[in-house]
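Residue numbers (this note's numbering): 69 to 301. Ideal Cβ positions, reconstructed from N, Cα and C, are used throughout, including at glycine. First the structure, in the form of structure tokens, and then the observations on it.
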Amino acid sequence: LKPLHWTKVKLKSSHNESNCIWKNVDEVPIDVDAFCDAFAAKATKAMKKRGDGGDGGGGGSSSSSGGGSSAKKVRVLDPKRANQVGIVSRSLPPIKQVVAAIKQLDGNLMNLEQLQMLQKILPTDEELTAIKAVLNTEENTILDEPEIYQLHLADIGGVKTRAKIWEFTWTFREKLAEEVPKMEAMTKACQQIRFSTGVAVLLGILLTCGNLLNHGNRRRGDASGFGIELLTK
């Protein structure tokens, strides 16, 4: 017979599994001969063709050079990112107020909308590494305003974590109100499925068929139940 690949569930009498749905599912009688005829594995003599394929690819690394005389500012960020940082920073309170707001989680210094905007321009590890590399390797370096702004933000310990936690405290009740009806609906649906006679019969049919197909297989056969992902196959 063709094997059925499923996640086997095996109940143990030594454990209290009264809440398990498989305690209420029984195998059902079926016409074994007809079933075997329908699912018999047919021997085929098909030639397997093997094809060799080669993956070609090359990795390239791009390097940006920030050069210039001492009278010029050095820009490390790419133009699009620098433009984003510049636009957002100009719509926020002064940088000292921003730093104080994040350190103290003070909603009087910055509101939720501003905090969410700020999170979009928080420096990444790669950006900080590039900015610091320029400072360490080039003498008389004058960074452009977006890079300076990101350095100020990076000086705040755990700035990304602080910002996420602060946003969470602001939006928790709203998100909870959205999720409660979903959780209640899911709980109700689970209860209906657990105590549904029709679902138990359907699972019993599938369990019976699966055990027949996997008869003699130690890993998949003689199952008390199966992973419900099988229902989508």
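Query, Result
"Tell me, to the nearest whole angstrom, how far the beta carbon of I199 is from that of L219; I am working on the premise that it is less than 8 Å.", "6 Å"
"S157 lies in the alpha helix (DSSP H); which residues open and close that run?", "P147 to R158"
"Going straight from the alpha carbon of Q184 to that of V167, what length do you get?", "15 Å"
"R288: buried (16+ other C-beta within 10 angstroms of its C-beta) or exposed?", "buried"
"Do F103 and K70 count as a contact pair if the criterion is CB distance below 7 Å?", "no"
"Take the Cβ of D195 as the centre, count every other Cβ of all protein chains shown within 10 Å, and call the residue buried at 16 or more, exposed below.", "It is worth fixing the name first, because residue 195 is Glu in this sequence and not Asp. By the neighbour-count rule (16 or more Cβ atoms within 10 Å), E195 is buried."
"Leaving out five residues before and five after I170 in sequence, what residues of the same chain have Cβ atoms less than 6 Å from its Cβ?", "I224 and R230"
"In angstroms, rounded to a whole number, what distance separates the CA positions of S159 and T237?", "23 Å"
"Look up V77 in the DSSP assignment and give the residues it is bridged to.", "G293"
"Taking contact to mean 3 or more Cβ pairs, one atom from each stretch, closer than 8 Å, check whether the segment 139-155 and the segment 201-216 are in contact.", "yes"
"Measure the C-alpha to C-alpha separation of V144 and V227 and round it to an integer number of angstroms.", "21 Å"
"Between L244, S292 and T197, which lies nearest to K76 when the distance is taken from Cα to Cα?", "S292"
"Roughly how many angstroms separate the alpha carbons of F263 and I98, rounded to a whole number?", "24 Å"
"Rounded C-beta distance between I273 and V100? I'm assuming under 8 Å.", "About 14 Å separates the two Cβ atoms, so there is no contact after all."
"For R262, report the span of its alpha helix (DSSP H) as first-last.", "V227 to R262"
"According to the Cβ coordinates, are W74 and G278 closer than 7 Å?", "yes"
"With H283 as the anchor, note down where its alpha helix (DSSP H) starts and where it stops.", "Where H283 is concerned, there is no enclosing alpha helix (DSSP H), given that its DSSP letter is neither H nor E."
"How many whole angstroms separate the CB atoms of Q165 and L177, which I take to be in contact at a CB cut-off of 8 Å?", "5 Å"
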